[in-house]
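Here is the structure we will look at.
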Amino acid sequence: MVDVAAPPARPVAPPAPAAVPARPRRLLGLGGRVLHRSAALLVLAAIWETVPRAGLVDRVFLPPLSEVLAAWWELLRSGQLADHVGASLTRSLTGLALAVVTAIPLGLLIGWYRPLADLLSPLLEVFRNTAALALLPVFVLILGLGETSKIALVVYACTWPILLNTVAGVKGVDPLLIRSARSMGLNHLRLFQKVILPAAVPTVFTGVRLAGAYSILVLVAAEMVGAKAGLGYLVNYAQYNFAIPDMYAGIITISAIGLVVNQLLVAGERRFSTWRADVTTA
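Going by my numbering, the final residue of the sequence shown carries number 331, and the count climbs one at a time with no gaps.
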């Protein structure tokens with residue numbers, strides 16, 4: 050009788066790791082991206098907190114971040130911060146909106162119609178090189194110290210980046226696209242609607258984003274002259290009264306508002322230019 054050797058036992062495979070559910074995996078990925086993007090801000094916050102406490106700078110003039118945040122919370126709890134933010138946002142957004150509805154149509158017209166561009170180019174060159182803050186006394190003398198002068202200054206400062214980027218966006222459309230559209234029989238209106246506008250949208254939004262930053266910065270400077278409310282007034286008033294934590298609290302609020310406005314405009318740009326391919330690498 051012949052013994053038949055039993056086949057060798059197969060190694061038992063280790064159990065597969067349990068799959069992470071989709072939702073927690075997405076949350077982990079989102080948390081990792083947020084941490085990665087905010088790492089520099091966290092380092093800055095740690096330095097700001099540590100340096101004054103270590104005596105490397107005079108904490109009277111640069112208090113620790115925790116004291117600034119405590120002052121910010123007190124301003125928020127008392128309602129003062131909300132009043133100042135509301136006043137500044139009303140002026141800033143009103144001026145920005147007026148600049149958008151004025152500068153974008155004018156920029157599209159100048160960029161598309163060459164005779165108008167030739168006529169207005171010298172005038173545009175003069176005004177684009179005149180700083181908005183240099184004209185602040187002129188606006189105050191003509192329009193007074195009220196809301197009108199501040200909103201007008203914001204409109205002036207925001208108009209030029211929007212206008213010039215809109216003109217550049219229209220003029221920078223690939224001529225091959227225009228020739229291809231014309232060869233397909235598109236008339237001027239359809240060509241403008243289907244080719245020129247979509248191609249110019251990224252450049253137009255670049256101008257709007259620049260204008261969004263200018264609307265905050267210029268307004269803060271204007272509010273330091275003759276204003277009774279606003280973040281610029283808050284910063285200036287706190288400086289004169291030596292309330293240094295309140296001053297830094299106002300500065301932080303200005304930076305946060307600028308960041309939020311920029312992110313909203315970036316989201317708007319993505320919404321109106323969904324056809325663009327993302328070529329960024331990780």
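Ideal placement from N, C-alpha and C gives every residue a C-beta, glycine not left out.
As the crow flies, the alpha-carbon of D223 is around 40 Å from that of L90. Nearest in C-alpha terms to L266, of all of Y205, A287 and I245, is Y205. Pairing A248 with T215, the inter-Cα distance amounts to about 11 Å. Shown here for M273: same chain residues with a beta carbon closer than 8 Å to its own, the five before and five after excluded, namely G281, Y282, V284 and N285 in chain order. Across the structure, I227 and F241 are spaced so that their CA atoms are roughly 9 Å apart. In this model, Y263 and V187 are separated by some 19 Å (Cα to Cα). I96 counts as exposed, since fewer than 16 other C-beta atoms from the protein chains shown sit within 10 angstroms of its C-beta. The count of Cβ pairs closer than 8 Å, one atom from the region 146-157 and one from the region 192-209, reaches three, so the stretches are in contact. As summarised for the region 156-205, the continuous alpha helix (DSSP H) elements at least 4 residues long and confined to that stretch are 163-177 and 185-192, given in chain order. The beta carbon of R231 sits closer than 7 Å to those of L240, all from its chain and outside the five residues before and after it, given in chain order.
A distance below 6 Å between beta-carbons, with the five flanking residues on each side excluded, links V117 to the following residues of its chain, in chain order: P294, Y297 and A298. Just so you know, the alpha carbons of R140 and G160 end up roughly 29 Å apart. Annotation for S229: the continuous alpha helix (DSSP H) segment containing it runs P224 to S232. Taken in chain order, the complete beta strand (DSSP E) segments of 3 or more residues contained in the region 115-162 number zero; there are none. When only Cα atoms are considered, P112 and P101 end up about 6 Å apart.
Secondary structure in the region 239-299: no beta strand (DSSP E) run of 3 residues or longer lies completely within the stretch.
Just so you know, the alpha carbons of V253 and V309 end up roughly 19 Å apart. Judged by DSSP in its simplified three-state form, L308 adopts helix. When the five nearest sequence neighbours on each side are left out, the beta carbons in the same chain lying within less than 8 Å of the beta carbon of V134 are those of L280, T302 and I306, in order along the chain.
For the set Q288, G317 and L190, the Cα lying nearest the Cα of V109 is the one of Q288.
Going by DSSP, R102 is part of the alpha helix (DSSP H) stretching over A88 to R102. The C-alpha of L138 is placed about 35 Å away from the C-alpha of K243.
CA-CA distance, A103 to R126, rounds to 30 Å.
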